[in-house]
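*Asks:* Residue numbers (our numbering): 51 to 487.
Let me give you the structure first, and then I'll get to my questions.
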Amino acid sequence: MPDESEKEKFLRKAEEPRQKAPGMHRKYRGKYGGQVQVPVRSMDDFGIWYTPGVAAPCEEIAETPELVYDYTNKWNNVAVVTDGSRVLGLGDIGPEASLPVMEGKAMLFKYLGGVSAFPLPLAVKDADKFVETVKRIVPAFGGINLEDIETPKCFYILDRLREELDVPVWHDDQQGTAAVELAGIINALKLVGKKISEAKFSIIGAGAANIALCRILETAGADPGNFYVADSRGILYKDRDDAEQMRQENPYKWELVEKSNAEDRRGDSGEAIRGTDVMVAASCPRPGTVKKEWIAKMNENPVVFAVANPLPEIWPWEAKEAGAKVVGTGRSDFPNQINNSLGFPAIFRGALDVRARTVTDGMAIAAAEAIAKTAEEKGLREDYIVPTMEDKESFVNAAVAVGEKAMEEGVASLQLSAAELRSSAESLVELEPVPEP
51 MPDESEKEKF LRKAEEPRQK APGMHRKYRG KYGGQVQVPV RSMDDFGIWY
101 TPGVAAPCEE IAETPELVYD YTNKWNNVAV VTDGSRVLGL GDIGPEASLP
151 VMEGKAMLFK YLGGVSAFPL PLAVKDADKF VETVKRIVPA FGGINLEDIE
201 TPKCFYILDR LREELDVPVW HDDQQGTAAV ELAGIINALK LVGKKISEAK
251 FSIIGAGAAN IALCRILETA GADPGNFYVA DSRGILYKDR DDAEQMRQEN
301 PYKWELVEKS NAEDRRGDSG EAIRGTDVMV AASCPRPGTV KKEWIAKMNE
351 NPVVFAVANP LPEIWPWEAK EAGAKVVGTG RSDFPNQINN SLGFPAIFRG
401 ALDVRARTVT DGMAIAAAEA IAKTAEEKGL REDYIVPTME DKESFVNAAV
451 AVGEKAMEEG VASLQLSAAE LRSSAESLVE LEPVPEP
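So this is what it looks like as structure tokens:
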């Protein structure tokens, strides 16, 4: 465990990105932009790429709309859309203030998945107007990534867009986070010799990420009766005094209330954590939100994921001191980074390559299993349960798994072999150093 001087050194290092970020952002005035991807050998080439030559593909697309995927970049374009109402740990900061985050997301899409993503914060707070706005821009995009939208609005928006659009729509704060957490849980449980079907889970925080995690865990074989979910008011249970309000205002949360907590536990987050095998916290980004004494009351060899950013709910060394066998956080400067960046670029790569009409939970689970398997093949350790973002093979493997699952589930418009999926992913995922502009 680190001594006091090492802890102080880490805390200083942890502040460095925040201190450097404003100057670096000002220097480059944006971190992601479009680029020309066709040859321009002389001005004559503009006659092909623009008028008069461009009229020919336009006419063909008008006659056969599906040709838009062959003649334009729609096949690889994804819109990163937000209303700025739930940005990172910053809350409702608005669309303009969310733009640096959306640019960063677009950069990760390109760098880790070869996806051409475009940051599109919308000045629209009403959920129905948000949906209608996204529907109007979709002719240019092969997929939609919803980002940083408050709960429960994010669930409603996702459900409507998935139902009404024929391109994959995905909410990364829900499905992406859940997929990577599942990958970590799969391998952590292997290390400690426990089965997902028998494990008890304490879920601290009842926002979009954890509600989606519970759904994904159940689909992957966990027993929802073994979920003990706590929000800011304590454990969820059917007779809580705000039960009717939850039922009316957040049906997605209420569905979890009805399925979880078979023991009818009551109390605070500490009571939710007691006697569980896995704790996943996605709540308040402040060490001390989860206490050492709570971790000490978990079952033998517990798994602890404290994934709030920029700071975890409990420092990893404190969780270890309290008896945790495996600890993960959302940060790259600790072992076992449980971060959705491990998932969403590859998941969209696979979905786009087979021209999927949606991203199902089955596809997210397939990605999780591929990510977990990649780490397992390299050798699982307490400090290595998921690949790092430097591991290109993880993104390639997950993209192939997603494409194959989309075809298996009948939501793919193209049928590709595993070799074709792998070739596409390997050619488009970069993971190479980016030189100074």
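Glycine included, C-beta positions come from ideal geometry on N, C-alpha and C.
Note that the structure is predicted; figures quoted are calculated from it, not measured.
Within the chosen definition, does the region 243-262 reach the region 427-442 through at least 3 CB pairs nearer than 8 Å?
*Replies:* Taking 8 Å as the limit for Cβ pairs, the verdict is that the region 427-442 does not touch the region 243-262.
*Asks:* When you compare each of T201, G163 and P218 to T410 by their alpha carbons, which one comes out closest?
*Replies:* Selected option, being the one with the closest Cα: P218.
*Asks:* Here's a check: name, in chain order, each residue in its chain whose Cβ is nearer than 6 Å to the Cβ of E476, leaving out the five neighbours to either side.
*Replies:* Hits under 6 Å: V446.
*Asks:* Could you compute how far the alpha carbon of W344 sits from the alpha carbon of A425?
*Replies:* Cα-Cα distance, rounded: 29 Å.
*Asks:* Give me the Cα-Cα distance between D94 and L478, rounded to the nearest whole angstrom.
*Replies:* Taking the straight line from one Cα to the other gives about 29 Å.
*Asks:* Is DSSP giving I285 helix, strand or coil here?
*Replies:* DSSP places I285 in strand when its eight states are reduced to three.
*Asks:* Give the DSSP-derived three-state secondary structure of N349 in the structure shown.
*Replies:* Of the three classes helix, strand and coil, the one that applies to N349 here is coil, per DSSP.
*Asks:* Our contact map puts G378 next to N386 with C-beta atoms below 8 Å; I'd like the distance itself, whole angstroms only.
*Replies:* The pair is a contact, with the Cβ atoms about 4 Å apart (cut-off 8 Å).
*Asks:* Exposed or buried, which one is A190 when buried takes at least 16 other CB atoms within 10 Å?
*Replies:* Flag for A190 reads exposed.
*Asks:* Residue ranges of each beta strand (DSSP E) run of no fewer than 3 residues wholly in the region 220-295, ordered along the chain?
*Replies:* Entirely contained in the region 220-295, the beta strand (DSSP E) runs reaching 3 residues are, in chain order, 251-254 and 277-281.
*Asks:* Assuming G144 contacts G154 (C-beta within less than 8 Å), just tell me the rounded distance between them.
*Replies:* The Cβ separation is near 17 Å, so there is no contact.
*Asks:* What is the DSSP secondary structure of A331, counted as helix, strand or coil?
*Replies:* Strand.
*Asks:* Mapping DSSP to helix, strand and coil, what is G412?
*Replies:* The answer is helix: DSSP assigns G412 an H, G or I state.
*Asks:* Three-state secondary structure (DSSP) at A312?
*Replies:* Of the three classes helix, strand and coil, the one that applies to A312 here is coil, per DSSP.
*Asks:* Ordered along the chain, which non-local residues of its own chain (more than five positions away) have a Cβ less than 6 Å from that of G522?
*Replies:* For residue 522 there is no data in the structure shown, the boundaries of the chain being 51 and 487.
*Asks:* To the nearest angstrom, how far is it from the Cα of L430 to the Cα of D281?
*Replies:* So the alpha carbons of these two residues sit roughly 32 Å apart.
*Asks:* Tell whether a beta-carbon distance below 8 Å holds between A229 and A422.
*Replies:* In this structure, A422 does not lie closer than 8 Å to A229 by Cβ.
*Asks:* Around the C-beta of G338, are 16 or more other C-beta atoms found within 10 angstroms, so that it is buried, or is it exposed?
*Replies:* The residue is exposed, with fewer than 16 neighbouring Cβ atoms inside 10 Å.
*Asks:* Starting from N447 and walking both ways along the alpha helix (DSSP H), at which residues does that stretch end?
*Replies:* From DSSP, the alpha helix (DSSP H) with N447 extends over K442 to E458.
*Asks:* Taking 7 Å as the line, does the beta carbon of S247 fall inside it for any heavy atom of the ligand GTP?
*Replies:* The model on display carries no ligand, and the ligand GTP is accordingly not part of it.
*Asks:* In whole angstroms, what separates the C-alpha of V340 from that of G317?
*Replies:* Taking the straight line joining both Cα atoms gives about 14 Å.
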